[in-house]
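Novice:
Numbering (the numbering used here), first residue to last: 30 to 507.
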């Protein structure tokens with residue numbers, strides 16, 4: 030009951046694979062066949078022709094039966110890779126989501142054991158774990174029930190046990206961290222369970238271990254990237270997103286160990302995608318670093334590297350990149366500027382070199398001339414202050430207000446009333462500037478025109494729309 034998959038050059042069909050797997054040919058021939066199939070299909074992401082989902086379901090059932098039998102581990106390894114390929118699309122994966130199939134995969138994953146087997150068996154375990162990852166990625170409907178099943182089968186518990194091992198097999202770093210990230214990141218009950226397990230020190234150990242090894246192999250780099258993401262997920266109770274709560278002594282020591290590692294990561298090239306994601310993950314993780322460790326940072330180099338990152342993102346034309354990566358760095362720069370007064374001047378010098386000469390235009394309504402130049406960082410940040418993304422809107426405004434010493438007059442001098450209306454209104458300061466516009470004696474503007482009145486009415490209308498939206502974000506910025 031195997032069918033012909035969309036083929037590539039020299040690809041064996043699944044029917045041929047089944048026939049040979051059930052034949053009396055040597056294990057070496059079986060392994061070579063599966064290896065060739067996997068190589069030929071390495072870039073294939075769709076395995077269902079038309080509506081023939083049932084055929085794929087039967088295909089997966091046969092493969093599950095095959096890997097559960099007493100076969101040579103080298104053959105089993107290639108069969109597991111085939112199953113993982115078939116999990117690249119959501120269609121027809123129901124057989125893999127059955128408890129009996131998951132139980133067979135869990136056994137092969139070696140999760141919950143001491144990982145003391147030979148290297149081939151361990152490689153099989155890594156592949157089996159990756160299959161579960163792919164299933165969780167593809168599972169969209171009734172996910173709570175499915176994640177509940179995985180949790181009851183102790184996938185969460187076993188992943189955490191693996192993270193605590195000091196001598197974890199290299200191949201497990203990526204799949205174990207990624208699977209736990211999927212579970213904790215997508216299910217609130219599993220996240221609560223993980224938070225009770227004091228994970229931060231163990232994740233910190235993995236980050237420190239991989240910080241010197243991520244260039245060796247791609248799976249180690251991915252393990253590092255996912256470890257940073259997992260740290261962000263399980264540490265939000267310590268930062269402004271879900272907290273802040275006081276850290277435990279273990280958490281404090283974990284972050285103390287991580288700070289020099291984070292500072293090294295911040296210096297990595299942003300224009301290389303493989304290192305950029307490490308820098309981005311580091312900045313997200315920095316959000317929850319306890320304030321008690323402020324003096325552990327090298328303030329000058331940290332601020333320099335954060336500004337380098339911010340400029341890189343602002344120079345990017347990828348909107349998705351901006352919304353995902355700007356909010357964390359804006360939040361951190363805001364925190365730094367509030368805590369360290371001299372940092373405000375450094376940030377303004379870097380982003381708005383002529384800030385001392387700023388004068389708002391058009392009767393204080395518009396930003397200074399320098400902030401209206403489209404290629405300037407000032408212009409780009411002001412655009413964020415009125416963008417529809419609530420995270421960027423909120424934190425860009427908070428950063429600008431902090432940089433102006435939280436002084437409303439200075440804030441208007443730098444951004445103008447138009448761009449700053451939302452921030453001013455949130456602080457109950459907007460009405461005072463309404464009177465200043467109507468009274469030239471206080472702050473001599475040019476003669477107020479009908480156009481000025483229309484602009485003011487437009488600002489008030491926009492403000493009402495902004496206030497009708499939800500308040501400042503309180504969740505994951507990703």
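For every residue, glycine included, the Cβ atom is placed at its ideal position computed from N, Cα and C. For clarity, every value in this text was computed on a predicted model and none was experimentally measured.
Kindly indicate which three-state DSSP category residue 395 falls into: helix, strand or coil?
Specialist: Sequence index remark: in the chain shown, residue 395 carries index 366 (1-based). Note: residue 395 maps to strand in three-state DSSP.
Novice: What residue range does the alpha helix (DSSP H) around residue 185 cover?
Specialist: For the purposes of this step, residue 185 is identified with residue 156 of the chain shown, where counting begins at 1. Taken as a continuous stretch (DSSP letters only), the alpha helix (DSSP H) holding residue 185 covers 184-192.
Novice: Could you tell me if residue 358 is buried or exposed, where buried requires 16 or more neighbouring beta carbons within 10 angstroms of its beta carbon?
Specialist: Taking the chain shown and counting its residues from 1, one reaches residue 358 at position 329. Label assigned to residue 358: buried.
Novice: With 16 as the cutoff for other CB atoms within 10 Å, does residue 181 come out buried or exposed?
Specialist: Reading the chain shown from its first residue, position 152 is the one you call residue 181. Exposed, since its Cβ has fewer than 16 Cβ neighbours within 10 Å.
Novice: Who are the near neighbours of residue 192 in its chain, counting only those whose CB is closer than 8 Å to its CB and skipping five residues on each side?
Specialist: Along the chain shown, read from residue 1 onward, the residue named residue 192 stands at position 163. Cβ within range, chain order: 205, 206, 209, 228, 231, 232 and 235.
Novice: Provide the residue span of the alpha helix (DSSP H) that contains residue 389, from first to last.
Specialist: Residue mapping note: residue 389 aligns to position 360 of the chain shown, counting from 1. Here residue 389 belongs to no alpha helix (DSSP H), and DSSP marks it neither H nor E.
Novice: Measure the alpha-carbon distance for residue 59 versus residue 308 and round it to whole angstroms.
Specialist: On the chain shown, position 30 is the one that residue 59 refers to. On the chain shown, position 279 is the one that residue 308 refers to. In a straight line, the C-alpha of residue 59 is about 43 Å away from that of residue 308.
Novice: Tell me where the alpha helix (DSSP H) around residue 328 begins and ends.
Specialist: Numbered from its first residue, the chain shown carries residue 328 at position 299. Segment 328-344, the alpha helix (DSSP H) holding residue 328.
Novice: Distance, Cα to Cα, residue 362 vs residue 94?
Specialist: Numbered from 1 along the chain shown, position 333 holds the residue referred to as residue 362. Numbered from 1 along the chain shown, position 65 holds the residue referred to as residue 94. Near 55 Å, if we compare the C-alpha coordinates of residue 94 and residue 362.
Novice: By alpha-carbon positions, which one of 96, 177, 159 and 112 ends up nearest to residue 128?
Specialist: The sequence position of residue 128 within the chain shown is 99, counting from 1. Comparing Cα-Cα distances from residue 128 to each of 96, 177, 159 and 112, the minimum goes to 177.
Novice: Closer than 8 Å is the cut-off here; do at least three beta carbon pairs connect the stretch 379-395 with the stretch 435-448?
Specialist: Verdict: yes, contact present.
Novice: Just to confirm, are residue 261 and residue 217 a CB contact at a threshold of 8 Å?
Specialist: Locating residue 261 in the chain shown gives position 232, counting from the first residue. Locating residue 217 in the chain shown gives position 188, counting from the first residue. For residue 261 and residue 217, no; Cβs fall outside 8 Å.
Novice: Assign residue 418 to one of three DSSP states: helix, strand, or coil.
Specialist: For the purposes of this step, residue 418 is identified with residue 389 of the chain shown, where counting begins at 1. Reduced to three states, the DSSP call for residue 418 is coil.
Novice: Using 8 Å as the Cβ pair cut-off and three pairs as the minimum, do the stretch 81-88 and the stretch 115-125 touch?
Specialist: The answer is yes - the stretch 115-125 touches the stretch 81-88, with three or more Cβ pairs under 8 Å.
Novice: Leaving out five residues before and five after residue 263 in sequence, what residues of the same chain have Cβ atoms less than 8 Å from its Cβ?
Specialist: Residue numbering aside, residue 263 sits at position 234 when the chain shown is read from its first letter. Excluding positions up to five away in sequence, the list reads 213, 220, 223, 224, 228, 229 and 232.
Novice: Since residue 369 is in the alpha helix (DSSP H), which residue starts that stretch and which ends it?
Specialist: As a first step, residue 369 must be located in the chain shown, where it is residue number 340. Residue 369 -> no alpha helix (DSSP H), and no H or E assigned at all.
Novice: Tell me the rounded alpha-carbon separation between residue 175 and residue 185.
Specialist: Locating residue 175 in the chain shown gives position 146, counting from the first residue. Locating residue 185 in the chain shown gives position 156, counting from the first residue. Straight-line Cα distance between these residues: approximately 13 Å.
Novice: Measuring only the C-alpha atoms, how far is residue 386 from residue 374?
Specialist: Residue 386 sits at position 357 when you count from the first residue of the chain shown. Residue 374 sits at position 345 when you count from the first residue of the chain shown. When rounded, the distance between both Cα atoms is 14 Å.
Novice: Going by C-alpha distance, which of 266, 203, 286 and 432 is nearest residue 242?
Specialist: Looking up residue 242 in the chain shown gives position 213. Selected option, being the one with the closest Cα: 203.
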